[in-house]
Each structure stands twice: as C-alpha cells, then as structure tokens.
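One structure is given here, and the rest of the page talks about it.
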Amino acid sequence: MHNPQLNKDGELTHLLSIEGLPQRILTQILDTAASFMEVSARDVKKVPLLRGKSVFNLFFENSTRTRTTFEIAAKRLSADVINLDINKSSTAKGETLLDTIDNLVAMHANLFVVRHASSGAPYLIAEHLQRIGRDDVHVVNAGDGRHAHPTQGLLDMYTIRHYKKDFTQLRVAIVGDILHSRVARSDIHALTTLGVPEVRAIGPETLLPKHLDKLGVHVFHDMNEGLKDVDVVIMLRLQNERMTGALLPSAGEYFRHYGLTPQKLALAKPDAIVMHPGPMNRGIEIHSAVADGPQAVILPQVTFGIAVRMAVMSIVAGN
Amino acid sequence: MNIEIKNGRVIDPKNGVDRKATLYIVDGKIAGLGDAPAGFSADKTVDAAGCVVCPGLIDLGARLNSIEAELAAAVAGGVTSVVVPPDADPPLDEPELADRLVHRGAEIGKARVLPLGALTLGLQGERLAELAGLKKAGCVAFSQANRTVVDTEALLRAMEYAATFGFAIWLQPQDHWLSRNGIAHEGEVSSRLGLAGIPVAAETIAVGTIVQLVRDTGCRVHLTRLSSAAGVALIQRAQHEGLPVTFDIGVHHLLLTENDIGYFNPHARFSPPLRAQGDRQALSTAAAAGLAPICSDHTPVGADDKLLPFGEAKPGATGLEVLLPLTLKWAEEAKVTLPDALARITSAPAKVLGLASGELGVGAVADICIFDPEATWQLTPEALKSRGKNSPWIGYMLTGKVKSTLVGGRVVFEA
Numbered sequence: 228m229h230n231p232q233l234n235k236d237g238e239l240t241h242l243l244s245i246e247g248l249p250q251r252i253l254t255q256i257l258d259t260a261a262s263f264m265e266v267s268a269r270d271v272k273k274v275p276l277l278r279g280k281s282v283f284n285l286f287f288e289n290s291t292r293t294r295t296t297f298e299i300a301a302k303r304l305s306a307d308v309i310n311l312d313i314n315k316s317s318t319a320k321g322e323t324l325l326d327t328i329d330n331l332v333a334m335h336a337n338l339f340v341v342r343h344a345s346s347g348a349p350y351l352i353a354e355h356l357q358r359i360g361r362d363d364v365h366v367v368n369a370g371d372g373r374h375a376h377p378t379q380g381l382l383d384m385y386t387i388r389h390y391k392k393d394f395t396q397l398r399v400a401i402v403g404d405i406l407h408s409r410v411a412r413s414d415i416h417a418l419t420t421l422g423v424p425e426v427r428a429i430g431p432e433t434l435l436p437k438h439l440d441k442l443g444v445h446v447f448h449d450m451n452e453g454l455k456d457v458d459v460v461i462m463l464r465l466q467n468e469r470m471t472g473a474l475l476p477s478a479g480e481y482f483r484h485y486g487l488t489p490q491k492l493a494l495a496k497p498d499a500i501v502m503h504p505g506p507m508n509r510g511i512e513i514h515s516a517v518a519d520g521p522q523a524v525i526l527p528q529v530t531f532g533i534a535v536r537m538a539v540m541s542i543v544a545g546n
Numbered sequence: 011m012n013i014e015i016k017n018g019r020v021i022d023p024k025n026g027v028d029r030k031a032t033l034y035i036v037d038g039k040i041a042g043l044g045d046a047p048a049g050f051s052a053d054k055t056v057d058a059a060g061c062v063v064c065p066g067l068i069d070l071g072a073r074l075n076s077i078e079a080e081l082a083a084a085v086a087g088g089v090t091s092v093v094v095p096p097d098a099d100p101p102l103d104e105p106e107l108a109d110r111l112v113h114r115g116a117e118i119g120k121a122r123v124l125p126l127g128a129l130t131l132g133l134q135g136e137r138l139a140e141l142a143g144l145k146k147a148g149c150v151a152f153s154q155a156n157r158t159v160v161d162t163e164a165l166l167r168a169m170e171y172a173a174t175f176g177f178a179i180w181l182q183p184q185d186h187w188l189s190r191n192g193i194a195h196e197g198e199v200s201s202r203l204g205l206a207g208i209p210v211a212a213e214t215i216a217v218g219t220i221v222q223l224v225r226d227t228g229c230r231v232h233l234t235r236l237s238s239a240a241g242v243a244l245i246q247r248a249q250h251e252g253l254p255v256t257f258d259i260g261v262h263h264l265l266l267t268e269n270d271i272g273y274f275n276p277h278a279r280f281s282p283p284l285r286a287q288g289d290r291q292a293l294s295t296a297a298a299a300g301l302a303p304i305c306s307d308h309t310p311v312g313a314d315d316k317l318l319p320f321g322e323a324k325p326g327a328t329g330l331e332v333l334l335p336l337t338l339k340w341a342e343e344a345k346v347t348l349p350d351a352l353a354r355i356t357s358a359p360a361k362v363l364g365l366a367s368g369e370l371g372v373g374a375v376a377d378i379c380i381f382d383p384e385a386t387w388q389l390t391p392e393a394l395k396s397r398g399k400n401s402p403w404i405g406y407m408l409t410g411k412v413k414s415t416l417v418g419g420r421v422v423f424e425a
C-alpha cells in the first residue's frame, strides 16, 4: 500500500501519522527541532525558511493550545498564518471538507494544519491534494479523532530524548484513557519505532483498545504494578464526558486507581520523568504535588512543542 | 416467441446440469434442453459459443435508489430478480408504496422486483406495518433492512404476528446498543486507526435473541448479511435443532476484511462492518459448503457521500454488476466449482424465497444469464450502469462478463 505521507523519493511531504514512518525520518525531525531550540532563545525569534508561504490553521474542533503553538511555530519560520475556526455550523451549511480545501487552495495555501473530530480526515485531504495534482500543498495532522496526533507524539519523543538521551534502554508507561486518545496512539508508534524496548499501557479495561498487544504494548490494569521501575510516565487527559457513561463510575474512583500521586510515582525509577499532553485535570488523573513536582516536565514539553512543529513544517514544506 | 440458445455450456445447478447443449424457450418458459420440443422453429437464435448459460441471478439484497438505472444495472449484471429492502425514502411500510414499486418495476420491464415490506411503521421498530396488506401488494417478506428492533417485546409480537400468517421475517442481526456508535469491526484495525468499534457480540447477541424467539414463535426468519464466524456458528446450531432459520452473506464480506480499510478507505465501510480474517474464512467456508446464498447488498451511494472521512462516509458498495464476477473470484480463491458457485446466486436464493425460478428445468420461467467466464474487464465508474459508482474494486480487473440476459424469455440486456 502506498504511504500517502511520503513522496516518491521517500521523503516526508505530509505528516499524518507516526505509524508507517521510518526511524530516520523521526530522528531527522527531532534533530531539526534541536537546531530550532536556539532560535527561540534569540532576541529576534525568526528564521526565513517559510517566508512568503501561507499556513492555514484549519481547526474543525476546538483547541487553543495546539493551535497557538502551531501559529507561533509558523510565525517563527516567517510564514503568513491564517487561523480558521470551522465549527459545525459552517459544515452544516453544506460545504464539505473537500470544498473548503479547494477554496483555500485557490487562495494559495501552502500548508494546512488540520484538526478534525473524525479519524482519518487529514488522509482524505492529502489524497485529495494528490488527486488534483497539488503535491506542492502539504498537510500536517494536528489531531484527528482518536487516531493520531503526530506532532504531540514527536514532541513527547523530543522531551524523552532530552532527558533520557537513549531510547533503547527505556521503560515507558502510558496511563489512562488510551481508547479515546490520539496522543497515546502516536506515542506508542513513535516509541516502538525509536526502539524503546518496553512500552506499557495502564488503565481499566473500559479505556483500553482491543489487541493493544499487537501494537507491541504490555497491558497493566494495576497501576502499582505498571509503574514499577519505569523511566517515563506519560499521563493522559481524562475527558469529562467519559465519566457520564458506563466507562467509569466516578472521578473519585478513577483517581484512586489511576491518578498519579507521589506515592505511586515513588514506584517508578527515582529519576523518572512525568509527562502530560495537557490540559491537565488536577485531582482526576494527576495529583498537584506531582504536576508541580520536580519530576514533572510538562512545561518543557510545551516549549519543545514549538521547536518540533517548526521542524515538521519546515521539513514537509521543503520536500 | 421461440428462442434457441446454441453452443453454450448450460449450467443448471438445481438440476445438476453442466453440459454443452442447446436451450429452447417457448412462450417465456424453458421448453427443452438438448432436444428441441416437437414442432419447434426458432424465431431468434442466440449464439452462446464460449459462454455459460445459467439461470438468471437472484439477488437477495439490492437498493434501488434510482429504479430505472438500478434495474438496468441488474440485468447488465445478469441479475433477473432483485429483493429490495424496505429502507427507501419513504420506507416501504404501506401497501400502496409496495404496489407502486412493483408496478414501476414491471413497467420498466428489466429485472423482476421483489420488495421486502417494512416490518414496522417507518422502520421505527415500534408499531407493526400492515403485513397482510403489504403481502397482497407483492411483498415477499418483511424486514427492518439494516435497522434494529430495539424493543424485544415488539420483535416478539412481530414474529408471533408474522407466524400467524406464515410470513417470513428478514432481519440483519445487530444489537442496537453495541453497534450504534461503531464504524468498524472492533479489532486490531479499529484499535490502530482509532475507529469506534462494533464488537462481534453485536451480531451474536442479536442472533441469540432472534433464535430464541424463533424457537418460541415458530416464525420463519432469514438473517441477512452475516459478518462473523461466531454468528454463523450460532445459526448453524439453530439449524441443527431444526429451527426455520436461514442466512445470507454479502459478496464483499467473502473477499474483504478489516485490513482493506487501509488508510481510512471509505469504500471499505460496510454495514455490518468487514471483520477479521478468521471471520471472512468462516463465511467463505459456510458459502462453499452451500449453507448460505451470496448476495450483492447493492447500495448505490453518491460520490459526495463517500468523499468524507471514514466515519462520516455512508456504508455500502455498488453490487449488482459485480455480483457475478466477485462470486467467480471468490469461487476461484475458495476452490469452489463453477456450478456450485452459480448455485449460491441462483438456486440457493430461490430456495430462501420459495421461488420456482433459479433453475432451467422444463417449464421453468426463462430467466437466463449468458456470460463469458473468461472475459476480463476493468471496473471503472464509466463501466457501471448503476448510479452508484462506489466500489472498493474500482480500477481492478474482474473476470466474467455478462453477454446477454433474458427475463421471461425476453432479451433485456445484450452487451
């Protein structure tokens, strides 16, 4: 099957998912991001790599943080940034996703940053661009349904590499609502591609997808067992709506079993780092003492996120 | 009119016929095979050299959104009778609607139209439709199409009522609660792609419920579009018990699995969903053993309704014109003989319907499909007469091409 993310030379032309990307491309993105870290520290935080290019932030689903970091990243690359919040009402008017894309391509868009509630929506856009012969227009997935959030996955990898240096000796635990999490899926693919020998998923059966083992993940239902001797803990956000159905009885019971407290964190290695894609639900998936504690690297993740998104946009637009 | 079809390989699975012979038709009926009936002189001769001559295909499930185009598609695919599910707009829940559909079909004069009446008003699963009235208007059985009767009491009453009159009910076994949010088989692929899953239990729970109600009511039930190994196993058990339960399989489910979703291909979205390799294998084994007929589940969908993210795209594929070549493709893969494969789309569906057609015995109606079993053709949108150009096989080379189709002794299609 043709991988729609790669051009005929095997280079990254869209970033749709971590799955299917070779290790060399992930490493290339992380290395490029490292070189951009220095730009953000300058007085004049700009490089001219995307000068004259138009980046459209196309958010079919609300997001402040991800959209803002993409906007900052694009501006530091000297691109023109146009933010479009396309809520449900405009699609209810009858314009399809691809109609919207055609219109924006006619406005000379060079790169789309897309967030959409449906898994696979960025693939549809990328395939459409190929069909209409616009391989000069690129797509970066900023989160599609439950499927993927590849820039988050990459910034998580950047963070892990920053603190732990070598992926090949690590034990990483992902905790919480993996079933509905695009971040978890991207992290799992990135970790296994980069050679992490042991990836663990911790959560109740209601929040774990079936056949996780096929993705190379070890499943734990008991957090005390799952956190034992891990180097990295990735906490996931628990959406409020998960508490209203039959998935979980209550926030309190969830926190007692799967909330990260200092006591539970003590089971991990002493130098373990704690990550979270944000926004955090304090007291639901994470105790404030951990979120604000010395092992948390949650704010550095945000900073690295800008450099990683600069790297992704400059690489796809350059190919 | 007297017609002779010469030089063809006549395959009549019902009567165990497979030989090169001339088929004679008089007044719309089969009048002889090999030996001309007394005093026969042909008004028309069809040369079927290199072709198979078999009963016209009977398709147990085809939606006719634009009836003229779809009935033309049917005969272009060698299909001479189509069972139409009631989920049209409006649903087929009143005798006048069924009456109109039957008359419109006859007026067009291509494939025979066999409507399924709605079991409940508006297919809402609550109040019974006028079953006897619908039957009188030409409905062959009653169905909810692929919607569920959520209220088990309503289902029980419907089956009791249908049993009273000896009517059959067709149901697609799918538990409402376990399937309502899902868009793909709950398995490896749905986990990987982040698609909400429909577990196999959605099918087995519904089969279990229906079988129990059959046991209690004696209602004859035909289960449509089975998708899982476990579902088929449950039905087989009910059949061994002697319960009046039959089932069919959509041809796409014999050939495709969840893996064919690939990178969110909306053409691989079906209801019920394509399931795992083991499920496909079990369906194939059941079809090969002659336990179930194969149908197209023809669902024409507009291009715009497929150019959407996977979960928003409408499920289903065009089927009437690919039923024959896809059945042949399956037969080759499953090592099923040509006569056995043709039985699954002719005599087997006729048996489910209790029809006398689906065979070429003397006296049978002359519904006939003549096809070249070796001819290959590329499936393109332009090659399809159906308005539905939606198919996971677009671009593929298919083998088996219909040359001519007769309904009641009239040539209704010629390539």
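Each protein sequence line maps, in turn, to chains E and A. Position one of the first sequence corresponds to residue 228 (my numbering), numbered consecutively onward. Position one of the second sequence corresponds to residue 11 (my numbering), numbered consecutively onward. A virtual CB, placed ideally from N, CA and C, is assigned to each residue, including glycine. Here the structure is a predicted model, which is why all the values come from computation and not from measurement.
(1) Taking E/Q250 and E/L421 to be in contact with their CB atoms under 8 Å, please state how far apart those CB atoms are, rounded to whole angstroms.
(2) May I have the straight-line CA-CA distance separating E/M470 from A/G176, to the nearest angstrom?
(3) Identify each residue in the stretch 371-383 of chain E for which the Cβ-Cβ distance to at least one residue of chain A is less than 9 Å, and report them in chain order.
(4) Using a Cβ cut-off of 7 Å, pull out every chain E residue sitting near A/S201, in sequence order please.
(5) Name the residue from E/M334, E/F287 and E/A260 whose alpha carbon lies nearest to the alpha carbon of E/V274.
(6) Thinking A/A58 and A/I15 are a contact (beta carbons under 8 Å), I'd like their distance in whole angstroms, please.
(7) Can you check DSSP and say which residues form a bridge with E/R509?
(8) On the three-state DSSP scale, how would you describe A/Q246?
(9) Closer than 6 Å by C-beta to A/C64: which residues in its own chain qualify, once you throw out the five before and the five after it? Chain order, please.
(10) Take the Cβ of A/D289 as the centre, count every other Cβ of all protein chains shown within 10 Å, and call the residue buried at 16 or more, exposed below.
(11) Hey, does E/S262 have any beta-carbon neighbour from chain A nearer than 9 Å?
(12) Any C-beta of chain E within less than 7 Å: which residues of the stretch 263-280 of chain A qualify?
(13) For E/P231, which residues in chain A fall below 9 Å Cβ to Cβ?
(14) To the nearest angstrom, how far is the alpha carbon of E/R536 from that of E/A268?
(15) Does any CB atom of chain E fall closer than 9 Å to the CB of A/P95?
(16) What residues from chain A crowd round E/A348, counting only those whose CB sits closer than 7 Å?
(17) Using a Cβ-Cβ distance cut-off of 9 Å, determine whether E/S267 contacts chain A.
(18) Compare the Cα-Cα distances from A/V311 to each of A/L333, A/G371, A/C61 and A/R279 and report the closest residue.
(19) Report the CB separation of A/I271 from A/L203 in whole angstroms; it is logged as a contact under 8 Å.
(20) Checking contacts by CB at 9 Å: is E/T323 closer than that to chain A?
(21) Counting only the same chain and skipping the five closest in sequence on each side, list residues whose C-beta sits under 8 Å from that of E/N234.
(22) Suppose contacts are defined by Cβ-Cβ distances below 9 Å. Is A/F274 in contact with E/Y350 by that definition?
(23) CA-CA distance, A/S201 and A/F381?
(24) Helix, strand or coil: which one does DSSP assign to E/M264?
(25) Just the Cα atoms here: how many angstroms apart are A/S51 and A/Y34?
(26) Can you tell me the Cα-Cα spacing of A/R122 and A/S306, whole angstroms?
(27) If you measure from the beta carbon of E/L442 to each beta carbon in chain A, is any gap under 9 Å?
(28) Is E/A306 helix, strand or coil by DSSP?
(29) Consult DSSP for E/M384 and reduce its assignment to one of helix, strand or coil.
(30) DSSP state of A/P65, grouped into three classes?
(31) Going by beta-carbon coordinates alone, are E/S346 and E/P377 separated by less than 9 Å?
(32) Pairing CB atoms from the stretch 318-327 of chain A with CB atoms from the stretch 102-116 of chain A, are three or more of them under 8 Å?
(33) Report yes or no: do three or more beta-carbon pairs, one from the stretch 236-244 of chain A and one from the stretch 167-176 of chain A, lie closer than 8 Å?
(34) Relative to the C-alpha of E/D395, which residue among E/V459, E/M540 and E/A306 is closest?
(35) Go ahead and label A/A425 buried or exposed: buried means 16 or more other beta carbons lie within 10 angstroms of its beta carbon, across all protein chains shown.
(36) Bridge partners of A/D22, per DSSP?
Well, looking at it:
(1) 6 Å
(2) 48 Å
(3) D371, G372, R373, H374 and A375
(4) P436, K437, H438 and L439
(5) E/A260
(6) 5 Å
(7) E/I513
(8) helix
(9) I21, L352 and C379
(10) buried
(11) no
(12) G272, Y273 and F274
(13) Y273
(14) 16 Å
(15) no
(16) P319
(17) no
(18) A/R279
(19) 7 Å
(20) yes
(21) T240, D362 and N546
(22) yes
(23) 42 Å
(24) helix
(25) 10 Å
(26) 16 Å
(27) yes
(28) coil
(29) helix
(30) strand
(31) no
(32) no
(33) no
(34) Residue 395 of chain E is actually Thr in this sequence, not Asp. Of E/V459, E/M540 and E/A306, the residue nearest in Cα terms is E/V459.
(35) exposed
(36) A/V27
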